[in-house]
Amino acid sequence: MLPPLAVVLFATAISLIFFWVPEDAEDPAQRIFYFHVPIALTAYSCFGWGAWKALRVLGKRDERADVESYVAIHQGTIFGALTLVTGSLWARATWGHWWLWSSRQLVLFLVLFLFYCAYFMLRFSVEPGPRRANLSAVYALFGVVLTPVSFLAIRLAEDFIHPTVFTRDGPQMTASMFTTFCVSLAAMLSLFATFYSIELAGKRIDARIRELREALS
Amino acid sequence: MNYFNDVATLARKDLLLELRARDTLPAMLLFVVAALVVFHFALPAEAGDLAGLGLLWVAIIFTALLGLSRAWVAEREQGVLDGLVLSPADRSAIWVGKAISSLAFLVLAEAIALPAFWIFFTGLDAATIAGVLLADIGLCSVGAFVAAMSTATRARELLLPVLFLPLAIPLVVGGVGSSVVDDPARYLAFLGLYDCLFATICWASFEYVVTE
Amino acid sequence: MSDKYVAAAYLVVFTAVLVYVVIIGTKLARLEAALAELVERVRARG
Chain A
3 MLPPLAVVLF ATAISLIFFW VPEDAEDPAQ RIFYFHVPIA LTAYSCFGWG AWKALRVLGK
63 RDERADVESY VAIHQGTIFG ALTLVTGSLW ARATWGHWWL WSSRQLVLFL VLFLFYCAYF
123 MLRFSVEPGP RRANLSAVYA LFGVVLTPVS FLAIRLAEDF IHPTVFTRDG PQMTASMFTT
183 FCVSLAAMLS LFATFYSIEL AGKRIDARIR ELREALS
Chain B
9 MNYFNDVATL ARKDLLLELR ARDTLPAMLL FVVAALVVFH FALPAEAGDL AGLGLLWVAI
69 IFTALLGLSR AWVAEREQGV LDGLVLSPAD RSAIWVGKAI SSLAFLVLAE AIALPAFWIF
129 FTGLDAATIA GVLLADIGLC SVGAFVAAMS TATRARELLL PVLFLPLAIP LVVGGVGSSV
189 VDDPARYLAF LGLYDCLFAT ICWASFEYVV TE
Chain C
4 MSDKYVAAAY LVVFTAVLVY VVIIGTKLAR LEAALAELVE RVRARG
């Protein structure tokens with residue numbers, strides 16, 4: 003557990019240091035992007051990892067994969083919520099509105115956020131067991147299919163919903179900006195990895211303690 | 009072929025049950041027409057035809073939801089689903105049969121709703137009707153699947169809209185686009201893509217929804 | 004002016020991480036307490 007933590011601290015510290023170095027471009031709120039986009043990409047990774055584990059639940063009947071899938075999607079939802087908040091802050095800073103229907107990434111995240119929130123409602127409405135594992139896994143896989151389909155839908159919807167100019171996130175990046183971005187992305191991903199392993203370990207210990215209790219009484 | 013026979017038997021069973029009980033379809037019909045009337049009062053005067061077309065799709069989505077919430081009730085209450093799973097029929101055939109019967113109900117409801125919309129609001133062109141039919145396939149495929157999932161939970165019907173609506177959003181985009189835009193081909197193609205993609209994964213994974 | 008929003012974004016992410024760490028910390032404490040109780044019970048059994 004210690005190495006990932008070290009990576010996180012190290013990477014995040016470097017990101018913070020770098021932040022003070024490159025000057026603001028034309029868009030002073032652009033610095034939020036160094037948070038917003040890496041968090042968004044990390045959220046996608048979380049959902050992708052969760053879907054991979056879900057595949058193992060269904061294909062290999064791997065029981066441990068169910069908890070792993072759940073934890074990954076849990077993390078993904080947290081990062082997704084952070085994506086929406088940071089995106090909203092960026093929208094407010096740059097355009098003056100708390101929400102931009104014209105930002106494809108934000109709208110996509112909103113749809114996915116709703117979808118994955120429903121994941122938890124589904125999961126907690128079923129008794130623990132193989133049935134719950136199967137349902138959760140199938141739903142997680144649906145999410146992977148829904149993501150590109152929704153993105154396509156949002157693109158198509160722009161023609162009749164917002165004929166106005168839409169924003170293009172991420173301008174041309176200079177070398178230093180790109181480096182900062184990459185470091186920030188690495189930091190976010192290692193943050194996910196750390197939280198993932200911690201939460202997973204916590205759940206496993208929980209299960210073991212419950213086993214012990216039952217064995218003793 | 010055995011598979012098609014199973015599907016046809018299952019779909020016919022649902023239609024026969026509805027013919028005798030006559031509860032779901034009249035409710036859907038009344039609901040959709042009442043919804044259209046509500047929309048008239050909900051739209052301000054300058055709203056125009058486009059707003060009306062958008063609301064047509066809202067009506068369709070929620071009418072489909074209404075029908076789908078009843079889709080697996082009979083199977084659940086009589087314990088029929090376990091029997092079907094144990095039968096030699098392919099599990100995915102259960103889903104196909106249910107999707108087809110849901111589709112039949114939805115199309116029948118729209119057979120009344122679309123002319124009503126024509127009368128109350130504005131005319132509908134061929135692209136819109138094509139869009140409605142293509143979207144119906146997607147709605148009923150995904151809807152029957154998700155309804156089966158929610159049946160297996162404690163929350164049952166409460167969960168269905170929550171699971172269904174995010175998945176229905178692309179269909180709304182495709183449908184509204186085909187009604188509203190001058191060149192609807194892209195939207196109709198998108199609806200077809202959605203139908204193919206989601207029908208495939210529904211068909212492939214229904215097995216896991218009904219077994220342990 | 005927009006620095007305010009950049010600062011807010013920093014704060015949001017930082018707070019989220021902090022809240023998460025606190026939650027994990029309390030969970031760890033609870034687990035340790037449960038473990039200690041179980042060890043006691045095993046000792047009492049002899």
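One line per chain: the protein sequences are A, B and C, in this order. Each residue of the first sequence is one higher than the last, beginning at 3 in my numbering. Each residue of the second sequence is one higher than the last, beginning at 9 in my numbering. Each residue of the third sequence is one higher than the last, beginning at 4 in my numbering. Built from N, CA and C at the ideal position, the CB exists for glycine as well.
Per-residue contacts from Thr88 (chain A) into chain C (C-beta, under 8 Å): Ala12, Val15 and Val16
Contact between the segment 37 to 50 of chain A and the segment 190 to 197 of chain A (3+ Cβ pairs under 8 Å): yes
Euclidean distance between Cα positions of Phe198 (chain B) and Val15 (chain B): 27 Å
Contact belief for Tyr121 (chain A) with Ser138 (chain A) at Cβ below 8 Å, rounded distance in angstroms: 7 Å
Distance CB(Val144 (chain B))-CB(Val180 (chain B)) smaller than 8 Å: It should be pointed out that residue 144 (chain B) corresponds to Asp in this sequence rather than to Val. Result no, Cβ atoms of Asp144 (chain B) and Val180 (chain B) do not sit closer than 8 Å.
Chain C residues whose Cβ lies nearer than 8 Å to that of Asp208 (chain A): Leu34
Local Cβ density within 10 Å of Glu201 (chain A), reported as buried at 16 or more and exposed below that: buried
First through last residue of the alpha helix (DSSP H) which encompasses Phe35 (chain A): Phe35 to Lys62
Length of the line joining the Cα atoms of Val113 (chain A) and Glu40 (chain C): 45 Å
Cross-chain neighbours of Arg44 (chain C) in chain A, by beta carbon under 8 Å: Leu218
Under 9 Å from the C-beta of Leu84 (chain A): neighbouring residues of chain C: Val15, Val16 and Ala19
Three-way DSSP call (helix, strand, coil) for Val40 (chain B) in this model: helix
Distance CB(Thr17 (chain B))-CB(Ser127 (chain A)) smaller than 8 Å: no
C-alpha gap between Ala135 (chain B) and Ala19 (chain C), whole angstroms: 48 Å
Best match in B:Phe47, B:Leu76 and B:Ser95 for proximity to Glu215 (chain B) [C-alpha to C-alpha]: B:Ser95
Option nearest Ala121 (chain B) by Cα separation, candidates B:Leu51, B:Val189 and B:Ala72: B:Ala72
Cα-Cα separation, Glu54 (chain B) to Val45 (chain B): 17 Å
Candidates B:Lys21, B:Gly151, B:Gly182 and B:Ile177, of which the one nearest Leu167 (chain B) by Cα: B:Gly151
C-beta atoms of Arg125 (chain A) and Tyr72 (chain A) nearer than 8 Å: yes
Residue nearest to Val217 (chain B) in terms of C-alpha spacing, selected from B:Ser186, B:Leu23, B:Val93 and B:Phe172: B:Val93
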